[in-house]
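Peer 1: Input: one structure, supplied below.
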């Protein structure tokens, strides 16, 4: 009788197969981690943008409560509201910073939440620019107000939230000569 030598079948994985699977798994995990970092950055940017929008709306609400001739609204720009430079935060023409308005002598603070957010987080820059609306007879019918809130983005530059408002002159209402300005 002849003996046959059976080769034993090896079950499992070789070291090379295990290392290849580990490399594929590591690349997948690194991709998920990178995606998590990017999502976290975008969430932070969205949170800052939402806060900036709230600050701008709070400021517009504060402007509604102020008299038409209030000092913070009387600095008017020479730029037309349709000029692209009117929305440029860096443009100095007629720009009023919230930090300057808060320090005006004899004027109470404009905002509660917006000023608190700006002062505690030290991330936001708040300013506005006013464009007068002249009536047919040359009187000041209203003021177009652009509220600008700027904050740093994840790319290292700045993003800006703009909110427009119109403040009507109470003496001009009811004369029948004014046209409602469009924002």
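Numbering (our numbering), first residue to last: 1181 to 1363. Just so it is clear, CB atoms sit at the ideal spot from N, CA and C, and this is done for glycine as well.
Based on the DSSP secondary-structure assignment, which residues constitute the bridge partners of residue 1275?
Peer 2: 1309
Peer 1: Within this structure, are the beta carbons of residue 1261 and residue 1324 separated by less than 9 angstroms?
Peer 2: yes
Peer 1: On a Cα-Cα basis, can you pick out the residue from 1210, 1319, 1341, 1198 that is closest to residue 1350?
Peer 2: 1319
Peer 1: Can you list, in chain order, the residues of its chain whose CB lies under 6 angstroms from that of residue 1200, leaving out five sequence neighbours each side?
Peer 2: none
Peer 1: Among 1268, 1312, 1263, which residue has its Cα nearest to the Cα of residue 1328?
Peer 2: 1268
Peer 1: Please classify residue 1193 as buried or exposed, where buried requires at least 16 neighbouring CB atoms within 10 angstroms.
Peer 2: exposed
Peer 1: What are the boundary residues of the alpha helix (DSSP H) that residue 1259 is part of?
Peer 2: Counting along the chain, residue 1259 falls outside any alpha helix (DSSP H), and DSSP gives it neither H nor E.
Peer 1: Helix, strand or coil: which one does DSSP assign to residue 1285?
Peer 2: Residue placement at residue 1285 is flagged as unreliable, the pLDDT there being 46, under the threshold of 50; a coordinate-derived value is accordingly withheld.
Peer 1: Determine the closest residue to residue 1237 out of 1343, 1347, 1353, with distance taken between C-alpha atoms.
Peer 2: 1343
Peer 1: For residue 1191, count neighbouring Cβ atoms within 10 angstroms of its own Cβ and tell me buried if that reaches 16, exposed if not.
Peer 2: exposed
Peer 1: Specify, as a first and last residue, the run of the beta strand (DSSP E) that residue 1346 falls within.
Peer 2: 1338-1348
Peer 1: Since residue 1278 and residue 1240 should fall inside the 8 angstroms C-beta cutoff, what is the C-beta to C-beta distance between them, to a whole number of angstroms?
Peer 2: Wrong, their Cβ atoms sit about 13 angstroms apart, outside the cutoff.
Peer 1: What would DSSP say about residue 1191, mapped onto helix, strand or coil?
Peer 2: Look at residue 1191 here: in three-state DSSP terms it is coil, with no helix or strand label.
Peer 1: Can you name the start and end residues of the beta strand (DSSP E) that residue 1325 belongs to?
Peer 2: 1320-1332
Peer 1: Is DSSP giving residue 1314 helix, strand or coil here?
Peer 2: strand
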